[in-house]
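Shown next, in C-alpha cells, is the structure this report addresses.
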Amino acid sequence: MLTATFAVLFYTATVVLVLGLAARVYLYARTPAPLRIPTTPAPTSRGGAALRVTSEVVAFRSLFRGEKLLWLLSWAFHVALLLVILRHLRYFLDPAPQWLVWIQPLGLYAAYVLAAALVGLWLRRLWIDRVRHISTPSDHAALALLLAIGLTGLGLQHFQPTDIVAVKAFFIGLMQFNWQPLPSEPLLLLHLTLVALLMMVFPFSKLLHAAGVFFSPTRNQPDNPRERRHIAPWARALEQDATHQKQE
Ligand code: HEM
Numbered sequence: 001m002l003t004a005t006f007a008v009l010f011y012t013a014t015v016v017l018v019l020g021l022a023a024r025v026y027l028y029a030r031t032p033a034p035l036r037i038p039t040t041p042a043p044t045s046r047g048g049a050a051l052r053v054t055s056e057v058v059a060f061r062s063l064f065r066g067e068k069l070l071w072l073l074s075w076a077f078h079v080a081l082l083l084v085i086l087r088h089l090r091y092f093l094d095p096a097p098q099w100l101v102w103i104q105p106l107g108l109y110a111a112y113v114l115a116a117a118l119v120g121l122w123l124r125r126l127w128i129d130r131v132r133h134i135s136t137p138s139d140h141a142a143l144a145l146l147l148a149i150g151l152t153g154l155g156l157q158h159f160q161p162t163d164i165v166a167v168k169a170f171f172i173g174l175m176q177f178n179w180q181p182l183p184s185e186p187l188l189l190l191h192l193t194l195v196a197l198l199m200m201v202f203p204f205s206k207l208l209h210a211a212g213v214f215f216s217p218t219r220n221q222p223d224n225p226r227e228r229r230h231i232a233p234w235a236r237a238l239e240q241d242a243t244h245q246k247q248e
C-alpha cells in the first residue's frame with residue numbers, strides 16, 4: 001500500500017512538473033517582446049547577449065551589482081542545491097558513473113551550505129524592514145519547503161538512516177514500471193512527500209525563475225536598434241497595409 005501510494009504520488013508529481021514546465025516555457029516563448037528594452041550598458045551582438053545571460057545564470061551578475069549579501073546567500077544556496085541534486089542522481093542511475101561517485105562527499109558538505117543559506121535568506125526576509133514589507137506568504141512558503149526538504153534529508157543522513165539501496169531500487173523500479181518496496185522510515189516518507197510537493201508547485205510558483213531567466217528581454221536582447229531595426233509582427237503588418245494603400 002505504502003509503495004503504491006508513493007509510486008502514484010511520484011508519477012503524478014512528474015507529470016505535473018513536466019507538463020506544467022512545458023506549458024510555462026511555451027507561454028514565455030510566445031510572449032511578444034515588441035520593443036528593444038535591454039538594460040544598458042548592454043552587449044551589441046547576439047553572442048554578447050548570450051554571454052550576458054550565461055553570466056546571469058552562472059554568477060548571478062546583476063544581483064552581485066545590486067546587493068552583495070543577497071547575492072552571496074542566493075549564489076551559495078544555488079551552487080549547494082546543484083551539488084545536492086547531482087549527489088541524488090545515485091538514486092536514478094545504475095551503475096553510478098565514476099564522476100558521481102567522486103562528487104558524493106561534495107554533495108554532503110553542500111547539504112549544510114544549502115540549509116545555512118536558506119536560514120540566512122529567511123532571516124534577511126524577516127529582519128530587514130523593507131524586504132519584510134514586500135514579502136508575501138508564498139515567499140515564506142518557498143523557503144520553508146526547501147528548508148524542510150534539506151533538514152529532513154540531513155535528518156536521514158544523521159538520525160534516522162534508511163536503506164538507500166532499497167530507495168534506489170524503488171526509484172529505478174518506478175522508471176521501469178516494475179515497482180519495488182519503499183522503506184518506511186517516517187523521515188524518508190516526509191522527505192519524499194515534500195519533494196513531490198516541490199515538484200508539483202514548481203511550475204506555478206516563483207521558483208519558476210529558473211526557466212524564466214532565459215526569457216528576460218532586458219537581459220537577452222542585444223543593444224542594436226540602430227544597426228537592426230526591431231519591428232514587432234503587428235507593427236510590420238500595419239506598415240505593409242499602409243504601403244499597399246498608398247500603391248492602390
Ligand atoms: C525523488 C527525489 C529524492 C529522493 C529519492 C531523496 C532521497 C534522499 C535520501 C534517501 C537521503 C538520505 C541519504 C543518506 O542517508 O545517505 C537524502 C538526503 C538529502 N536530501 Fe534528498 N531526496 C530527493 C530529493 C531531494 C531534493 C529535491 C532535495 C533538495 C531540495 C534534497 C535534499 C536532501 C539533502 C540536503 C539531504 C542530506 C544530504 C545527503 O545525504 O545528500 N533531496 N535524500
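If you count the sequence shown from 1, position 125 lands on 125 in UniProt numbering, and the numbers rise without skipping. All C-beta atoms, glycine included, are put in the ideal place defined by N, C-alpha and C.
- At a Cβ-Cβ threshold of 8 Å, Ala-49 and Asn-220 count as neighbours.
- Put simply, of Pro-203, Ala-148 and Leu-207 the residue whose alpha carbon is nearest the alpha carbon of Leu-194 is Ala-148.
- Annotation: Ala-169 to Glu-56 spans about 38 Å, alpha carbon to alpha carbon.
- Short note on His-78: C-beta not closer than 7 Å to any heavy atom of the ligand HEM.
- DSSP, reduced to helix, strand and coil, places Ile-85 within a helical segment of the structure shown.
- Residue environment analysis places Met-1 among the exposed positions, since fewer than 16 neighbouring C-beta atoms fall within 10 angstroms of its C-beta.
- Under a 10 Å Cβ-count criterion, Met-175 is classified as exposed, with fewer than 16 other Cβ atoms of the shown protein chains found around its own Cβ.
- Cβ atoms of Phe-64 and Leu-192 stay farther apart than 8 Å, at about 35 Å.
- Asp-129 and Trp-102 have their C-alpha atoms some 43 Å from each other.
- Using a Cβ-Cβ distance cut-off of 8 Å, the segment 178-186 and the segment 86-106 are not in contact, since fewer than three pairs of beta carbons, one from each stretch, lie closer than that value.
- Taking 7 Å as the cut-off, one finds at least one heavy atom of the ligand HEM near enough to the beta carbon of Tyr-91.
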